[in-house]
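What follows is a single structure, written as structure tokens, with notes after it.
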Amino acid sequence: MLKRNKIQISMTQENHCYENALAERVNGILKDEFYLDQIFTNTAHAQRAAKNAIKLYNEIRLHLSLDYKTPNMVYKSAA
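Right under this line is the structure:
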């Protein structure tokens, strides 16, 4: 059914099922910390909420695994 509706089955770049654990971890953070598990009134509302959550996750939320830096900070320092 996913293929029929042109929906990618895996959420990872390599399309390998074992990489989905990382994607599911991020999804869990977005749901638990940024309330993306709520019921949205329409697609536009869901898109705004997802965009805001991802911006917070990448630009504001400090990550223990990144030595209390944001992903954007780490990405910019590697470039």
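In terms of the numbering used here, the sequence shown opens at residue 4 and continues consecutively. Glycine is no exception: its CB is placed at the ideal position from the N, C-alpha and C atoms. Just so you know, these numbers come straight off a predicted model, no measurement behind them.
Under the three-state DSSP convention, the category residue i falls into
{"i": "K9", "result": "coil"}
Beta-carbon proximity list for residue i, same chain, < 6 Å, skipping 5 on both sides
{"i": "L65", "result": "Y71"}
{"i": "F43", "result": "A49"}
{"i": "I12", "result": "L5"}
Residue span of the alpha helix (DSSP H) that contains residue i, given as start and end
{"i": "I57", "result": "46-62"}
{"i": "A24", "result": "23-37"}
{"i": "K79", "result": "74-81"}
Residues near residue i by beta carbon distance below 7 Å, same chain, minus five either side
{"i": "A52", "result": "L39, F43"}
Spatial neighbours of residue i in its chain, beta-carbon cut-off 8 Å, leaving aside the 5 residues before and after
{"i": "N55", "result": "F37"}
{"i": "L33", "result": "L39, A53, A56, I57, Y60"}
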